[in-house]
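Chains as they are written, first to last, in my numbering: chain A, 2 to 428; chain B, 17 to 104. Beta carbons: idealized from backbone N, C-alpha and C, even for Gly.
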Amino acid sequence: MNQHYDVVVVGAGPAGLNAARAAAQAGARVAVFDDNPRVGGQVWRQGPRHAPQAPLREVHAALQGLPDVTLLSSVRVVGLLAPRALLVESAEHGGMRVSYGQLILATGARERLLPFAGWTLPGVTGAGALQALIKGGTPVRGERIVIAGSGPLLLASLATARAAGAQVVAVVEQASASSLTRFVASLTATPSKLLQAAQLTRGFAGLRYWTGSVVREARGAGRVEQVTILRGERQITLACDRIACGYGLVPNVTLAQALGCALDERGAVRVDDRQRTSVEGVLAAGECTGIGGMELARVEGEIAGHVVSGATPDLSTLRVQRSRWQRFAQRVEDTFAPGEAARALPSDDTVLCRCEDVTIGEVRVCREWRDAKLHTRCGMGACQGRVCGAAARTYFGWQTTQPRPPFHPAQIGTLIQAVDHEPASTE
Amino acid sequence: MSSRTGERVRLTIDARTVEVEAGTLVVAALVIAGLRGTRTSVNGQPRAALCGMGICQECRVTIDGRAHALACQTACRDGQIIQTTGPA
C-alpha cells in the first residue's frame, strides 16, 4: 500500500497531536502515526479505568473534526525509503510505504533504566513503566511497592499506584535533600507545577521519602520479594512485591539519527527556533528535542505545525512560553541528573544487556561500545541496545550507536513492501 | 479506539481463559491470568515487562499466531489467543 501526505507526524503525544492540529488547520493533509493502541503518548496515557484527560480530549476532538487528518494507532516506523518516504507497519493494515512533503518527529522519550543486582526478576519495572502498566489495567491492589530512581516521574507514579490501591512502602530518590529543597523553592516560578506537586504528594506524611538514596539489589525466588536500598552509608532491606525504578528520561532519537538529523550535546535532536532539524523537510518537537515535560512539548508541537504549513503567524507568544518551560526543564535536569551513587557500577555478575544476558563484568573490560557488541553481543538483541546502550553511556561514557533498520522486529510481508525502494541510509 | 467502561472481553492465555475489562492491555491480562512472566531469557531466567512502553521487548509473546508481539502495546480483544514462553 502506498500513501502520500503533505505532513507526516510520528508520535501522538502532546507534541505530535498539537503539531498535527496546527498543520491541518492551515489546510495540510496530515497523517499521525503512533505505536501504542491509543493516542496520548505516555503523559496522557489512557486505559480501561483512566479516561482521556481534558487536554487530550480537546486536541483529539479537534483532530477528528478536521477533514484531512488520518490518525493511525499501533503503527511503527520500520525503515526509511528514498526519497522522503517511510516504511511503516500497521497492526491493522500491515506494511505500508508512506511518502511525505514534510516530516515532524514527535517520538518522545523513554526511561533511563540502570541495572542493579536482581533487576531482571519479574516485578522490577521502570518508574514510569509502573504507571503505564497500571493504566493499562495491571492490578496492584494491596501490593507493596518501592518506587525509586530520580525525578518528578516518581511522584506521578506514586499517585497512580496509590489511587490503584497499592501500598507504596518507600519512594527512593537519588537526588540530595538540599538540591530538592532548592528545586521546590524554584517552583514558585511555575505555579502550575507547584500545584501539581502538591496534588501528587497529597498524604505525603507517613510515607518514607528517602533522598540521597539508591536501590542496590532486588531479591526473590522467581519474583521480587525484597529490596536493599543504600541510604547514605546505611543499607536498608525492605519487603516488597514490586520495585519501580527509573532515572529520568532519555530522548528517542533513532528515527532522527537514521534521517541524518544532528543531535545536541545532551543527545537530543537539535532544532532551531522554528523546530527545524538539520535535515531539510524534517522538524522535531517535544521530548525528542530535549526532556522538557508536557507543557513544553505542546508548545513545540504547535510551533512545528505552524511552520510546516507555511503559514507564518506571529510565533512570539509561543516562543515566550517555550522559553519559560525550557528554563523549568533546565532546573529539573540540574536537580535530578544521576549522581555518583546512581552511576556506581553494579557487581560484575549483574546483567547489563537483558536481551542477550550479557553481564557488567563482560562489558566493562571492553574498550568501547562497538568492541562490546562484537565481543559479547551486548546491544545486539531485540531491543537493539535501547536499554543497555543508555546504561553504558551513563556508566562508561561511551558513544553508543542507534538501532538500524528494521528499527523494530517486523513481519517479512512488511519488509517485502520495501523491495522496490532502496533504503535512504543505512549505517 | 475507545471502549465503553464495563464491557468485558474474553481471551485465552497459555490454555487458561481470562476475562478482562475492554481496553485492558495484554501485558495486564497476563498478570490477571496469574502468570509470573512473559518469556524465558537466553540463560533460562524468567522475565516480565520492564519498560511498559514498547522499548525493552521483554514482554514479547505470541498473539494470534504472530510471534514477537509486544504485550504492552496490544489491547485485549475477544477471542484472542496468547502464548508465552515464560514460567507457568
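Can a CB atom of chain A be found closer than 8 angstroms to the CB of residue i?
i                     : result
residue 33 (chain B)  : no
residue 17 (chain B)  : Any reading at residue 17 (chain B) needs caution, since the residue's pLDDT is 43, under 50, leaving its predicted position unreliable; the model's value is listed next. Yes, residue 17 (chain B) lies at the interface with chain A (some Cβ there is under 8 angstroms from its Cβ).
residue 27 (chain B)  : no
residue 24 (chain B)  : no
residue 70 (chain B)  : yes
residue 97 (chain B)  : no
residue 39 (chain B)  : yes
residue 58 (chain B)  : yes
residue 10 (chain B)  : Because chain B spans 17 through 104 in this model, residue 10 (chain B) falls outside it and cannot be assessed.
residue 55 (chain B)  : no
residue 77 (chain B)  : no
residue 100 (chain B) : no
residue 91 (chain B)  : yes
residue 49 (chain B)  : no
Can you check which of these residues, the options, is closest to residue i by C-alpha distance?
i                     : options                       : result
residue 284 (chain A) : A:374, A:268 and A:309        : A:309
residue 76 (chain A)  : A:84, A:92, A:83 and A:85     : A:92
residue 461 (chain A) : A:222, A:239, A:311 and A:385 : What is shown of chain A runs 2 to 428, which leaves residue 461 (chain A) out entirely.
residue 335 (chain A) : A:261, A:249 and A:273        : A:249
residue 413 (chain A) : A:139, A:79, A:156 and A:253  : A:79
residue 343 (chain A) : A:216, A:126, A:134 and A:351 : A:216
residue 44 (chain B)  : A:20, A:43, A:40 and A:49     : A:49
residue 237 (chain A) : A:256, A:260, A:293 and A:171 : A:171
residue 70 (chain B)  : B:35, B:87, B:48 and B:50     : B:87
residue 129 (chain A) : A:381, A:153 and A:302        : A:153
residue 159 (chain A) : A:208, A:94, A:385 and A:333  : A:208
residue 14 (chain A)  : A:3, A:275, A:246 and A:40    : A:40
residue 397 (chain A) : A:52, A:353, A:131 and A:228  : A:353
residue 121 (chain A) : A:221, A:395, A:279 and A:298 : A:221
residue 117 (chain A) : A:380, A:409, A:375 and A:362 : A:362
residue 57 (chain A)  : A:262, A:298, A:314 and A:272 : A:298
residue 58 (chain B)  : A:393, A:254, A:3 and A:381   : A:381
residue 17 (chain A)  : A:300, A:254 and A:5          : A:300
Is residue i close to chain B? Criterion is C-beta to C-beta, closer than 8 angstroms.
i                     : result
residue 174 (chain A) : no
residue 75 (chain A)  : yes
residue 246 (chain A) : no
residue 344 (chain A) : no
residue 54 (chain A)  : no
residue 37 (chain A)  : yes
residue 43 (chain A)  : yes
residue 387 (chain A) : yes
residue 93 (chain A)  : no
residue 301 (chain A) : no
residue 130 (chain A) : yes
residue 48 (chain A)  : yes
residue 32 (chain A)  : no
residue 429 (chain A) : Given a span of 2 to 428 for chain A in the structure shown, any question on residue 429 (chain A) remains unanswerable.
residue 125 (chain A) : yes
residue 395 (chain A) : no
residue 66 (chain A)  : no
residue 114 (chain A) : yes
residue 384 (chain A) : yes
Which whole-angstrom value describes the C-beta separation of residue i and residue j, a residue pair presumed to lie in contact below a C-beta threshold of 8 angstroms?
i                     : j                     : result
residue 143 (chain A) : residue 288 (chain A) : Actually they are not in contact, since the Cβ atoms of residue 143 (chain A) and residue 288 (chain A) sit about 33 angstroms apart, beyond 8 angstroms.
residue 240 (chain A) : residue 218 (chain A) : Not a contact, Cβ separation roughly 13 angstroms.
residue 41 (chain B)  : residue 92 (chain B)  : 7 angstroms
residue 126 (chain A) : residue 68 (chain B)  : 6 angstroms
residue 106 (chain A) : residue 270 (chain A) : 7 angstroms
residue 224 (chain A) : residue 82 (chain B)  : Incorrect: roughly 27 angstroms between the Cβ atoms, too far for contact.
residue 259 (chain A) : residue 286 (chain A) : Residue 259 (chain A) to residue 286 (chain A), Cβ: 18 angstroms. No contact.
residue 377 (chain A) : residue 388 (chain A) : About 15 angstroms; that fails the 8 angstroms criterion.
residue 19 (chain A)  : residue 266 (chain A) : That pair is no contact at about 27 angstroms.
residue 176 (chain A) : residue 246 (chain A) : 14 angstroms between Cβ atoms; not a contact.
Just mark residue i as buried or exposed, buried being the case when its beta carbon has 16 or more other beta carbons within 10 Å.
i                     : result
residue 417 (chain A) : exposed
residue 23 (chain B)  : exposed
residue 190 (chain A) : exposed
residue 185 (chain A) : exposed
residue 200 (chain A) : exposed
residue 97 (chain B)  : exposed
residue 37 (chain A)  : buried
residue 296 (chain A) : buried
residue 51 (chain A)  : buried
residue 35 (chain A)  : buried
residue 161 (chain A) : buried
*For the 8 angstroms Cβ check, are there 3 or more pairs between the region 71-84 of chain B and the region 62-76 of chain A?*
no
_Between the region 70-82 of chain A and the region 20-31 of chain A, can you find at least three pairs of beta-carbon atoms closer than 8 angstroms?_
yes
*asked:* If contact is defined by three or more beta carbon pairs under 8 angstroms, each pair taking one atom from either stretch, is the region 102-116 of chain A in contact with the region 25-36 of chain B?
replied: no
*Could you tell me whether the region 83-91 of chain A touches the region 36-50 of chain A, where touching means 3 or more Cβ pairs closer than 8 angstroms?*
no
*asked:* Quick test of the definition: if touching needs 3 or more C-beta pairs under 8 angstroms, does the region 354-368 of chain A touch the region 312-319 of chain A?
replied: no
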